[in-house]
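Beneath this line is the structure, given in structure tokens, with notes to follow.
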Amino acid sequence: MPVRDRLLAVLVAVLWGLNFIAIDLGMADLPPLMFVAIRFVFVVFPAIFFVPKPDAAWRTILLIGAFMSLGQFSLLYLAISLGMPAGMASLVLQAQVLFTVLLAWVGLRERPRSEQLVGVLIGTVGLAIIAVAHGMQAPVIPLFVTLAAAAAWAIGNVLVRQAKVASGLSMVVWSGIVVPLPALALSLVLDGPAALARGFAGFGWTAVLGTAYTVIAASLIGYTIFNSLLARHPATSVVPYILLVPVVGIASAWLVMNEVPSAGELIGAAIMLVGVAVAGGSFALRSRSRASTDSPDAT
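The UniProt record's numbering puts the first residue of the sequence shown at 1, with every later residue one more than the last.
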């Protein structure tokens, strides 16, 4: 990719990495599922009046929204509210790459390459180390809820792949219609009417800024840039930059929120990132690029 597009890919990773801090800070004033509902109200409106509907059946759009938007973000916000550190959440959520490889194998009969299976194994070892290290100093339930969010994202990936629908800005906006009412209803059941009333009454600047960041920077700007890059370049050239998201997430949470990972968590994080890189094709891409450069026909 040209240098300009590489810098844009890095910008997306930074926007998405900082998003976890915005989520954590925003929930200081709001119940988690209420925050999800408010976020997607503004993701959908007014953009839905200007962004054309994706070229897909309504059933496909609604299923993708149910898993990739409602499932992923409801579980992620809930995990952070239960005590999952924002920085570690940005890392553990990348387990979606490992889950996607396995689910595509089972659901789509897309047999993974040998290096992808090795990557899944390495990533699983890293996750196990993180779970043990995290469990030594904090409850593990938030960790497993974050893994469930990663699994929901992976199911959404497989649905997009199966339907051959590009997950662009139009899909983000239109599939987002699934989120607000169910998320608000779940918040009403789990948190109660009094908590929702306090959330609306106490919707202060922290919640406003957190909502604005998640809607504008993370959802609309981030996905617009990311999908424009996917439209111009092979996915294998663009997707590996997402590995920078947990790096930004952990570093920013460390600096802003004083979330200091333990040595065991950092070791597990490094191993998991290697596994995600291998499973996601980053190393395979490098090998193919080198082979192409070494070829006599390369220009």
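Built from N, CA and C at the ideal position, the CB exists for glycine as well.
Going along the chain, which residues of its own chain have a beta-carbon closer than 7 Å to the beta-carbon of residue i, five neighbours each way excluded?
i	result
I48	V173 and W174
P2	none
V14	V248
E259	P85, A86, G87 and A253
I122	I271, V274, G275 and V278
R111	W105
S219	V43 and V172
Quick one: residues in its chain with C-beta nearer than 8 Å to the C-beta of residue i, no 5 flanking neighbours on either side, listed in chain order?
i	result
L33	S74, Y77, L78, A183, L184, L186, S187, L190 and D191
L11	I225
Q94	A150, I242, L243, V245, P246, M272, L273 and V276
I221	L15
D5	L229, R232 and H233
Within a Cβ cutoff of 6 Å, which residues of the same chain sit near residue i, ignoring the five residues on either side of it in sequence?
i	result
A154	Q96, F99, T100 and L103
S289	In this prediction, S289 has a pLDDT of 43, which is less than 50 and means its spatial position is unreliable; what the coordinates show is noted afterwards. Contacts found: none.
G83	P142
I177	V44
A217	L15
V92	T146
Q116	V101 and A279
V120	L98, V101 and A279
M27	F35 and S81
P193	none
G107	V158
Can you tell me the Cα-Cα spacing of residue i and residue j, whole angstroms?
i	j	result
A138	Y223	33 Å
V274	V245	14 Å
L255	I21	11 Å
R113	A195	49 Å
L8	L159	27 Å
G65	S262	35 Å
L147	I80	12 Å
D297	L63	Low confidence applies to D297: its pLDDT is 39, below 50, so where it sits in the model is not reliable enough to give any reading.
S69	H233	25 Å
A197	R109	48 Å
N157	G17	20 Å
D24	V51	29 Å
E58	F67	First, the amino acid is wrong: residue 58 is Trp here, not Glu. Each residue's Cα considered, the two are about 14 Å apart.
L229	L169	12 Å
T60	P46	22 Å
V208	V118	43 Å
W205	Q72	25 Å
F144	A131	9 Å
P54	G135	43 Å
L30	A89	19 Å
V238	G202	40 Å
V36	N19	13 Å
Q162	P180	26 Å
G199	A56	36 Å
V140	A133	10 Å
I250	M257	10 Å
A152	I38	20 Å
| Given 8 Å as the limit, is there contact between the stretch 212-230 and the stretch 39-57, that is, 3 or more CB pairs closer than that? | The stretch 212-230 is in contact with the stretch 39-57.
| query | What beta strand (DSSP E) runs, 3 residues minimum, are completely inside the UniProt domain "EamA" (143-278)? | reply | none
| message | If contact is defined by three or more beta carbon pairs under 8 Å, each pair taking one atom from either stretch, is the stretch 261-274 in contact with the stretch 122-129? | response | yes
| task | Report the residue ranges of all alpha helix (DSSP H) runs contained in full by the stretch 66-124; include only those spanning at least 4 residues, in chain order. | result | Taking 4 residues as the minimum length, the alpha helix (DSSP H) runs contained wholly in the stretch 66-124 are 72-81, 86-92 and 96-107, in order along the chain.
| field | Completely contained alpha helix (DSSP H) runs for the stretch 2-66, where each covers 4 or more residues | value | 3-26, 32-44 and 58-64
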